[in-house]
Amino acid sequence: MADEKDPSCTPVYYVGGSERTRHHSDPSSDSTCIPLAPAEDYSTFDIVKATQFGIFERCQEIIEGGYDVNRPDSENVTLLHWAAINNRQEIVRYYISKGAQVDTIGGELHSTPLHWATRQGHLAMVVLLMHYGADPSITDGEGCQCIHLAAQFGHTSIVAYLAAKGQDVNAADRNGMTPLMWSCYRISTNDPTRLLLTLGASLTMVDHHHQNTPLHWAVFARNTNAVNLLLKAGASVDEKNAEKDTPITMAKRLNQTYILKRLEEAKRDREKKPYCLSIYRDKKLRYGCMVGSPFIVFYVIGALLESRESYLVKAGLLLILTLTISVAGRLLFDDRILNILPISVYLSTKFWMYVTWFMWFHPYVGDIWRTLGFMVCSMFLFYSFIKAWKSDPGVIQSTPEQRFRTIIELAEKDGFHPNWFCSSCLVRRPLRSKHCSVCNKCIARFDHHCPWVGNCVGLGNHKYFVLYLFWLLVMIIWCLHGCFRYWKFNVGSEDMPLSSYLWRAVHASGWVSWIAANACLHGFWVGCLLLCQLYQVVWLAMTTNERMNCSRYRHFKRDKKGILRSPFHSWLSVVVQLLFKEHPKGRSLTWLLCLLTLAGHIGLAFTPRVALPGENLPMYFTQTAQCHPTTTTLRQPVGLEGV
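Numbering (this note's numbering), first residue to last: 688 to 1330.
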C-alpha cells in the first residue's frame, strides 16, 4: 500500500514540475520532524523553500521584512500549506501569530492546510491547527472532509482524534462515501476499519453512484481483513447494489474463494431454517456437544480397553470410534472448538480420575490419612481453578466519555502510538498490557490466553493460575499413586522386567492403564508449564507475552552481552544479587532489602527493578507509568528533490 499511487486522492507535491504521490498507512500517523540542514547557505532560500526545510530564522527574516504571510505562490499554495505538510510546527505557530488564515484554500485540490496535514498523517500538526481553529468539516475539491482522508490513508490515530473532537464517523463525502467505505476499499490492515466499527460506523449506508455498502467495497477490494471485521459486526450479506449484486454474487464474479466461503458461512448462520435443521445448527446444542464429547470419548476408550474382547476387536472398535468422532465433529462442531475443547478435556479427565479414585482405588488407598490428604489437595485444586477460571484477569474498562477523553489527551500530549492505544477497546493500554484477540478485551499485565482454564491470565488471576498448575500437578501425582497402589495388589511386586510389568498392568485393568497414561501425559506438560511460569516470574520477571515479544517492546533494554533484560526484576534475582555482592554499607542493609523485597513480591506481583546499594538506575526502570518513549527520525521535506 505504501507504493500505491492515486493522483486523484493526493495533494500536489512539487518535484521538478511533476507531481509525487505518497500513500501512507502507518497507524501511528505521526513522527517528530527534525529540520535537515541543507548543504548550501540557507540565507539564499526563498520563503517557500525555507518553510519546507523548517529554517525558522530565514522565514522570520523574510516575514519581518514585509512579506505577506497569506500570499499564495504561483500554484495557489500558501506558506501555511507548506508548513503543515512538512510538519513544521514552530513555523505554523509563527505564521498564525502573524495573521495567517488557518482555513485558507489552496492547491489544485482546493484543500486547507488541515487537509494536507491529514493526508501526510501528521497528528501533531492536526492537533495544532485545530487548536488554532481549523475546521475539519470543510470539504476539499473532491468533496472529502479530513476524516475521509484519514480513513483513505490509514491514519488511525487521526481518525480517532477527529471522532473524539465531534466529527461524524458516518459523514458522507460528495460521492456518498463514508470513512468506513474508504477504509474498507483502501486499507488492507485491521485499522482504521476496526476503530470505525467500534465508534459505531454504519454498516448499511451506500454511496451515491454504485449503491455499495461497506461490505461491497471490502469484497470489491478483495480486503479479507475488512470482510471478516464487517461480518463479525453483523454486516448484511443480502444487500444489493446498483447492479443488483449482493456481496456474495460480487465475490463469485471476482472469483474470490476465501471471501465467498466466509460470506456463505455468515448467510447460513443467519438465515431461517426448518425446525429440525435449526436444532442441528443451534449454537447452544453445538456448544453442549463440544463440551460433552470429551466426557463420552474418554469413557468409551477406557471401557473398550477394560473389556475382555480380543485386541483385534478393540482395534476395530477404536477405528470405528475415530471415524464417528470425525463425522460428528464435521456436523456438530464449529470454529469455537479450539477454545472449548481444552477446558472440556481437562474437566472430563479430572471427572473420570475422581470416579476411578473412589471406585477403583479406594480399597487400596482408603486409610484416613491418604483420604484426608487427597481431599485437602482437591479443595486447593478446585479453589485455584475456579479463581483462575472466573476471576477478572485485569480487564481494562472505560466509559465512552473516558474513551474520547483518553484519545484527545493522547493526541494532544503527543503520546498517541498503537503500542499504547487499543483501537478495539479505545483505551490507553498500561505498560505490560495487551489486547486479547480471543476475549476481545485489553488485559492488564497480560500473560497469555489459556484455553485450559477458559480465561486470560493477567494481573487479576496470574497467581491463581500458577497455584492451579501446582495443585493440578499434585493431584496428578495422587492419581499415579493410586494407580501404583492398585497394581501392587493386582499385578504383584515381585521382580520382573519393566515390559512384563507393564503388560500385566494393562491386562489387569485396561481402564486403570488408560487413567495412568492420561496422568503421565498431563503431568508432563503441566510440570513443564509450571517450571516455565516459575522461571519467568521468579527469575526473568517477564510474562509469557513479554518473553515472546520483548524485542518489540522499547522498555526492554539489552545488557552488555546483548541480551534483552526486563526492567521488572523479581525478588529472587534481587536477593541473589544482594547476598552475593559486596556492599560498602554493610550486611544489615543487605538483609533489610532482602526482607522488604520478598515482602513486596508476595502474590507473584511484579515490581520495577530494585536498585542495589551504590547502583544508579535510570528513572525509566523505576517509574513504569512514564514508559512511553517516542522515536525521533529525520525526514526529507515534501516538495523538494535532491536533498
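Quick reminder that beta carbons are idealized off the backbone N, C-alpha and C, glycines included.
In this structure, I1130 sits away from G1169, with a CB-CB distance that is not shorter than 8 Å.
According to the DSSP assignment, N1142 belongs to the beta strand (DSSP E) that extends over N1142 to V1144.
For K919, the uninterrupted alpha helix (DSSP H) run begins and ends at T911 to A920, by DSSP.
DSSP places I988 inside the alpha helix (DSSP H), whose first and last residues are K970 to E993.
Straight through space, the alpha carbons of L816 and V756 are spaced by roughly 16 Å. In the DSSP assignment, C1123 falls within the unbroken beta strand (DSSP E) covering K1121 to C1123. Contact between the segment 1113-1124 and the segment 1034-1049 is absent, with fewer than three C-beta pairs closer than 8 Å. Taken in chain order, the complete alpha helix (DSSP H) segments of 4 or more residues contained in the segment 819-845 are 833-839.
Looking only at N1232, F907, D932 and D860, the smallest Cα-Cα distance to I946 is reached by F907. Residue range H1049 to V1052 is occupied by the alpha helix (DSSP H) that includes H1049, with no beta strand (DSSP E) assigned at that position.
Annotation for K1074: the continuous alpha helix (DSSP H) segment containing it runs I1055 to K1077.
Contact between the segment 1159-1173 and the segment 996-1005 is absent: fewer than three C-beta pairs spanning the two stretches fall below 8 Å. Just so you know, the alpha carbons of A1206 and T936 end up roughly 52 Å apart. Buried is the label assigned to Y1173, since at least 16 other Cβ atoms lie within 10 Å of its Cβ.
The Cβ-Cβ distance between V924 and L950 falls below 8 Å. Comparing C-alpha distances from V814 to each of R1234, A1098, H1149 and D855 shows the shortest one belongs to A1098.
Counting along the chain, H903 sits inside the alpha helix (DSSP H) bounded by residues P901 to F907. Taking all protein chains shown into account, R745 has 16 or more neighbouring C-beta atoms within 10 Å of its C-beta and is therefore buried. Taking 8 Å as the cut-off, the beta carbon of R973 is found no closer than this to the beta carbon of L918. Nearest to M868 by C-alpha distance, out of N910, M1046 and T805, is N910. If you keep only unbroken alpha helix (DSSP H) runs of at least 4 residues inside the segment 1155-1225, you get 1185-1195 and 1197-1221. Between I845 and L890, the gap from beta carbon to beta carbon reaches 8 Å or more. Residue nearest to H818 within the set G828, L849 and G830 is L849 (criterion: CA-CA distance). Around the beta carbon of G830, a 10 Å sphere encloses fewer than 16 other beta carbons of the protein chains shown; the residue is thus reported as exposed. Cβ atoms of F1038 and Y1155 stay farther apart than 8 Å, at about 17 Å. In the same chain as I1030, and ignoring 5 residues on each side of it, the C-beta atoms closer than 7 Å to its own belong to P1138, W1139, V1140 and G1141, in chain order. In the DSSP assignment, C1129 falls within the unbroken beta strand (DSSP E) covering K1128 to I1130.
By the Cβ-count criterion, Q1089 is exposed, with fewer than 16 other Cβ atoms from all chains shown falling within 10 Å of its own Cβ. Contact between the segment 1184-1191 and the segment 1237-1257 is absent: fewer than 3 CB-CB pairs across the two stretches fall below 8 Å.
An exposed status is given to N1236, since fewer than 16 other beta-carbon atoms sit within 10 Å of its beta-carbon. Using a Cβ distance threshold of 8 Å, R861 and T826 count as a contacting pair.
Cβ neighbours of H768 within its own chain (closer than 7 Å, five residues either side excluded): G793, G794, P800 and W803. Scanning its chain for C-beta atoms nearer than 7 Å, with the 5 sequence neighbours on each side dropped, one finds around V987 the residues L1008, in chain order. Looking at the DSSP output, S889 sits in no beta bridge, so it has no partner there. Rounded to whole angstroms, the Cβ separation of L902 and A922 is 4 Å, and the two are in contact under 8 Å. Around A859, the same chain offers T865 as residues with beta carbons nearer than 6 Å, after the five sequence neighbours per side are excluded.
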